[in-house]
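The sequence shown lines up with residues 1 to 155 when you count with the UniProt record's numbering. The beta carbon of each residue, even a glycine, is placed where N, CA and C say it ideally should be.
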Amino acid sequence: MLLHYLIVFFVSMVPLIELRGAIPFSQGFGLPLIPSYIISIIGNMLPVPFIYFFARKVLIWGADKPVIGKFFTWCLEKGEKGGKKLQAKAGRGLFLALLLFVGIPVPGTGAWTGTLAASILDMDFKSSVIAVMLGVLLAGVIMMLISVGAFSMIR
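Set out below in C-alpha coordinates:
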(Lines of atoms letter the chains of each structure in order from A and count residues from 1; the text may use other names and numbers.)
(Lines give C-alpha, C1' and ligand atoms only; values in the text may rest on other atoms or scores of the structure.)
Protein backbone atom coordinates (compact mmCIF):
# COMPACT_ATOMS: atom_id res chain seq x y z
CA MET A 1 0.00 0.00 0.00
CA LEU A 2 2.89 2.38 0.74
CA LEU A 3 4.20 1.80 -2.78
CA HIS A 4 0.82 2.85 -4.20
CA TYR A 5 0.86 6.05 -2.15
CA LEU A 6 4.39 6.78 -3.39
CA ILE A 7 3.23 6.29 -6.98
CA VAL A 8 0.32 8.68 -6.38
CA PHE A 9 2.70 11.20 -4.82
CA PHE A 10 5.19 11.10 -7.69
CA VAL A 11 2.52 11.06 -10.41
CA SER A 12 1.06 14.22 -8.91
CA MET A 13 4.46 15.91 -9.37
CA VAL A 14 4.72 15.11 -13.09
CA PRO A 15 4.00 18.06 -15.41
CA LEU A 16 0.81 17.78 -17.49
CA ILE A 17 -0.40 14.76 -15.47
CA GLU A 18 -0.24 16.22 -11.96
CA LEU A 19 -3.10 15.72 -9.53
CA ARG A 20 -5.50 15.17 -12.46
CA GLY A 21 -3.85 11.82 -13.07
CA ALA A 22 -2.80 10.98 -9.52
CA ILE A 23 -6.31 10.87 -8.05
CA PRO A 24 -7.67 8.48 -10.69
CA PHE A 25 -4.54 6.34 -10.14
CA SER A 26 -5.30 6.24 -6.41
CA GLN A 27 -8.86 5.15 -7.04
CA GLY A 28 -7.66 2.54 -9.50
CA PHE A 29 -5.42 1.17 -6.74
CA GLY A 30 -8.40 1.20 -4.36
CA LEU A 31 -6.75 3.61 -1.90
CA PRO A 32 -8.81 5.59 0.62
CA LEU A 33 -9.99 8.88 -0.88
CA ILE A 34 -8.99 11.49 1.71
CA PRO A 35 -5.37 10.34 2.24
CA SER A 36 -4.98 10.07 -1.55
CA TYR A 37 -6.35 13.59 -1.98
CA ILE A 38 -3.94 15.00 0.61
CA ILE A 39 -0.91 13.16 -0.82
CA SER A 40 -1.81 14.31 -4.34
CA ILE A 41 -2.08 17.92 -3.22
CA ILE A 42 1.26 17.80 -1.42
CA GLY A 43 2.93 16.22 -4.44
CA ASN A 44 1.35 18.70 -6.84
CA MET A 45 2.28 21.74 -4.73
CA LEU A 46 5.85 20.69 -3.88
CA PRO A 47 7.36 21.89 -7.21
CA VAL A 48 5.47 25.21 -7.23
CA PRO A 49 8.10 27.41 -5.48
CA PHE A 50 10.85 25.96 -7.67
CA ILE A 51 8.80 26.57 -10.80
CA TYR A 52 8.04 30.13 -9.74
CA PHE A 53 11.62 31.10 -8.97
CA PHE A 54 13.64 29.02 -11.43
CA ALA A 55 11.58 27.65 -14.34
CA ARG A 56 11.56 30.78 -16.48
CA LYS A 57 15.30 31.26 -16.00
CA VAL A 58 16.06 27.64 -16.89
CA LEU A 59 13.75 27.71 -19.91
CA ILE A 60 15.29 30.92 -21.23
CA TRP A 61 18.78 29.49 -20.68
CA GLY A 62 17.96 26.24 -22.51
CA ALA A 63 15.88 27.67 -25.36
CA ASP A 64 18.88 27.96 -27.68
CA LYS A 65 20.56 24.68 -26.73
CA PRO A 66 20.78 22.00 -29.46
CA VAL A 67 19.06 18.98 -27.87
CA ILE A 68 16.67 20.58 -25.39
CA GLY A 69 16.01 23.89 -27.14
CA LYS A 70 12.84 22.91 -28.95
CA PHE A 71 11.18 21.52 -25.84
CA PHE A 72 12.28 24.43 -23.65
CA THR A 73 11.00 26.92 -26.24
CA TRP A 74 7.68 25.06 -26.36
CA CYS A 75 7.37 25.19 -22.55
CA LEU A 76 8.25 28.88 -22.49
CA GLU A 77 5.72 29.67 -25.23
CA LYS A 78 3.04 27.62 -23.44
CA GLY A 79 3.65 29.56 -20.23
CA GLU A 80 3.63 32.91 -22.03
CA LYS A 81 0.50 31.99 -23.98
CA GLY A 82 -1.25 30.87 -20.78
CA GLY A 83 -0.15 34.05 -19.01
CA LYS A 84 -1.35 36.32 -21.80
CA LYS A 85 -4.66 34.47 -22.01
CA LEU A 86 -5.09 34.79 -18.25
CA GLN A 87 -4.24 38.47 -18.28
CA ALA A 88 -6.57 39.21 -21.21
CA LYS A 89 -9.51 37.47 -19.56
CA ALA A 90 -8.84 38.65 -16.05
CA GLY A 91 -7.74 42.22 -16.22
CA ARG A 92 -7.54 43.15 -12.54
CA GLY A 93 -9.01 39.84 -11.38
CA LEU A 94 -5.80 37.96 -12.09
CA PHE A 95 -5.86 36.08 -8.77
CA LEU A 96 -9.28 34.57 -9.49
CA ALA A 97 -8.35 33.87 -13.10
CA LEU A 98 -5.22 31.99 -12.00
CA LEU A 99 -7.22 30.04 -9.42
CA LEU A 100 -9.77 28.98 -12.07
CA PHE A 101 -7.06 28.33 -14.68
CA VAL A 102 -5.42 25.83 -12.33
CA GLY A 103 -8.68 24.59 -10.77
CA ILE A 104 -10.61 23.54 -13.85
CA PRO A 105 -9.09 20.18 -14.76
CA VAL A 106 -8.43 20.63 -18.47
CA PRO A 107 -5.22 19.26 -20.01
CA GLY A 108 -2.37 21.77 -19.81
CA THR A 109 -3.88 24.04 -17.16
CA GLY A 110 -2.44 22.67 -13.93
CA ALA A 111 -0.15 23.97 -11.23
CA TRP A 112 2.96 23.80 -13.43
CA THR A 113 1.53 25.91 -16.25
CA GLY A 114 -0.30 28.24 -13.86
CA THR A 115 2.82 28.87 -11.79
CA LEU A 116 4.93 29.44 -14.88
CA ALA A 117 2.31 31.87 -16.19
CA ALA A 118 2.25 33.69 -12.85
CA SER A 119 6.04 33.94 -12.93
CA ILE A 120 6.01 35.28 -16.49
CA LEU A 121 3.31 37.81 -15.54
CA ASP A 122 5.40 38.87 -12.51
CA MET A 123 2.62 38.17 -10.02
CA ASP A 124 3.91 38.31 -6.48
CA PHE A 125 4.94 34.99 -4.99
CA LYS A 126 2.43 34.87 -2.14
CA SER A 127 -0.61 35.61 -4.33
CA SER A 128 0.58 33.13 -6.94
CA VAL A 129 1.05 30.30 -4.46
CA ILE A 130 -2.29 30.94 -2.77
CA ALA A 131 -4.15 31.07 -6.11
CA VAL A 132 -2.41 27.92 -7.35
CA MET A 133 -3.07 26.12 -4.04
CA LEU A 134 -6.77 26.98 -4.12
CA GLY A 135 -6.87 25.91 -7.76
CA VAL A 136 -5.21 22.59 -6.93
CA LEU A 137 -7.71 22.04 -4.11
CA LEU A 138 -10.59 22.74 -6.51
CA ALA A 139 -9.15 20.47 -9.22
CA GLY A 140 -8.68 17.76 -6.60
CA VAL A 141 -12.31 17.90 -5.53
CA ILE A 142 -13.49 17.79 -9.14
CA MET A 143 -11.19 14.86 -9.94
CA MET A 144 -12.30 13.03 -6.78
CA LEU A 145 -15.94 13.31 -7.81
CA ILE A 146 -15.19 12.17 -11.36
CA SER A 147 -12.94 9.31 -10.22
CA VAL A 148 -15.28 8.01 -7.55
CA GLY A 149 -18.19 8.14 -10.00
CA ALA A 150 -16.26 6.44 -12.79
CA PHE A 151 -14.77 3.69 -10.61
CA SER A 152 -18.08 3.01 -8.85
CA MET A 153 -19.73 2.47 -12.26
CA ILE A 154 -16.88 0.13 -13.31
CA ARG A 155 -17.02 -1.90 -10.12
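Cβ neighbours of residue i in the same chain (closer than 8 Å, five flanking residues each side left out)
i: K65; result: F72
i: L31; result: M1, H4, Y5 and V8
Alpha helix (DSSP H) segment containing residue i, residue limits
i: V8; result: L2 to V11
i: V141; result: F125 to I154
i: I120; result: A111 to I120
i: L99; result: L94 to G103
Same chain, Cβ closer than 7 Å to residue i, five either side skipped, listed in chain order
i: I120; result: R56, G79, E80 and G83
Own chain, CB closer than 6 Å to residue i, minus 5 neighbours either side, in chain order
i: L134; result: L99
i: A90; result: A97
i: S147; result: I23, P24 and Q27
i: G69; result: A63
The ligand MG heavy atom lying under 8 Å from the CB of residue i
i: G43; result: With respect to the ligand MG, the structure shown offers nothing to examine, as it has no ligands at all.
Distance between beta carbons of residue j and residue i, contact taken as under 8 Å
i: V129; j: V58; result: That pair is no contact at about 19 Å.
Uninterrupted beta strand (DSSP E) stretches inside the region 24–88 (no shorter than 3 residues): none
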